[in-house]
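Participant: Next up is a structure, given as structure tokens.
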Amino acid sequence: MRALALACCFALLLAAPARADDELPCRVDEVLGEVAASLLLAADEPDADRLAAALREAGSDLPAARLFRGAAPDLAPLRRHADGPLVCGEAEGARGRLLVVAVRGGSLAPLGDARFRVEVEDGFEPRYVAWVDAEGRMDRAPVRAGAVVTVPEELAHPIHLQLVAAGPAGPRPVAERVVGESSGAPLLASDGTLAERLEALRAHHGASSLRPNRLLDAEARRHAGRLCRERRAVHTPEPGEDPTRRLRRRGIEARVVGEVVARARSEDRAFDALVRSPSHRMTLVDRRFTDVGVGSVEGEGGRCVVVSLAAWPRFVGR
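Under our numbering, think of the first position of the sequence shown as 1, with each following residue one higher.
Below, the structure written as structure tokens:
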């Protein structure tokens, strides 16, 4: 972390920001400015993996961000689909200007000693915090805005802590923290198809296999295609289009409905992201579900994966 801090300062000294904070097209986030500076110093062109690593190294709790190059990037498409305020950080150097932008829905503000305060933006309601430790143990607890979360001492490090809040586009992870050093070792093998990896994940957690369901497949593919076209990952693209209502419009009713979505460069990377996310992992291994549908669509911004889950679904007609 010390080396990163020094490198960031050096990058910022190479050329001062060309614009004042109030001239940037989004709310300034100083940590994202450090991220932008570190990426400008990197020898290789930054990609999604390097951006994710830079966010963690800089201490950001944002689950994701996007990169823009140039003096006046067009943020209109991102702003149009954003469910919260845009935050950003900018750096300029010999390799040009880089803007790192994210949508802020909430945060886990560090208080020290593995304690964090829950904060949310206007329009968001905190639902729960979820966590998974190095041994794959998972749990979650409901929270409210302003609550202080203390990570249990008995958990094995590293511990991945996540805040899930409901916003205009439905519930989603809005903040993430990692407590303890990571060994870098994967929790599970990453070989096989998406269906095979899902079955292995459920077996690892003692959950039964799921029945492939062609109706759920169709809905998952349709939703994945829309997410790729709009370059976002949400459960409720428009009001009234949550997973339960979308299935109902296709004539499907179930005791319980679940859904996970991810966008990445490949199917494997998308599934890896779902497994690393405590809230998504808990949904994938939920023992109530009996049926599954998987949609995977290639788009301009990468691969979109949707896993649609249901407990005892039945077709009741449209």
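A virtual CB, placed ideally from N, CA and C, is assigned to each residue, including glycine. These numbers come from a predicted model, not from an experiment.
Once you ignore the five residues that flank PRO168 on each side, which residues in its own chain have a CB closer than 7 Å to its CB?
Facilitator: ASP83 and GLY123
Participant: Specify the secondary structure class of ALA91 as computed by DSSP and reduced to three states.
Facilitator: strand
Participant: Is the number of C-beta pairs between the stretch 155–165 and the stretch 174–183 that are closer than 8 Å three or more?
Facilitator: yes
Participant: Cα separation between ALA254 and GLY317?
Facilitator: 13 Å
Participant: Which residue from ARG263, ALA224 and LEU215 puts its Cα closest to that of LEU247?
Facilitator: LEU215
Participant: How many angstroms separate the CA atom of CYS9 from the CA atom of ALA58?
Facilitator: Residue placement at CYS9 is poorly supported in this model, since its pLDDT is 36, which falls under 50; the coordinates are not used for a value here.
Participant: Between which two residues does the alpha helix (DSSP H) holding VAL143 run?
Facilitator: That residue, VAL143, is in no alpha helix (DSSP H); it is neither H nor E in DSSP.
Participant: Using 8 Å as the Cβ pair cut-off and three pairs as the minimum, do the stretch 207–225 and the stretch 293–309 touch?
Facilitator: yes
Participant: May I have the straight-line CA-CA distance separating VAL28 from ALA72, to the nearest angstrom?
Facilitator: 16 Å
Participant: Using 8 Å for Cβ pairs, my map puts LEU212 next to ILE252. What's the rounded Cβ distance?
Facilitator: Before going further, note that residue 212 is Pro rather than Leu in the sequence given. That pair is no contact at about 15 Å.
Participant: Per DSSP, which residues does ASP335 bridge with? Please list them.
Facilitator: The first residue shown for the chain is 1 and the last is 318, placing residue 335 beyond what the model contains.
Participant: Does the beta-carbon distance from GLU119 to ALA145 come in below 8 Å?
Facilitator: Against a cut-off of 8 Å, the Cβ pair of ALA145 and GLU119 comes out as a contact.
Participant: Can you name, in chain order, every residue of its own chain whose Cβ lies under 8 Å from the Cβ of LEU274, other than the five neighbours on each side?
Facilitator: VAL260, ALA262, HIS280, ARG281, LEU284, VAL305 and VAL307
Participant: For ARG232, which of helix, strand or coil comes out of DSSP?
Facilitator: coil
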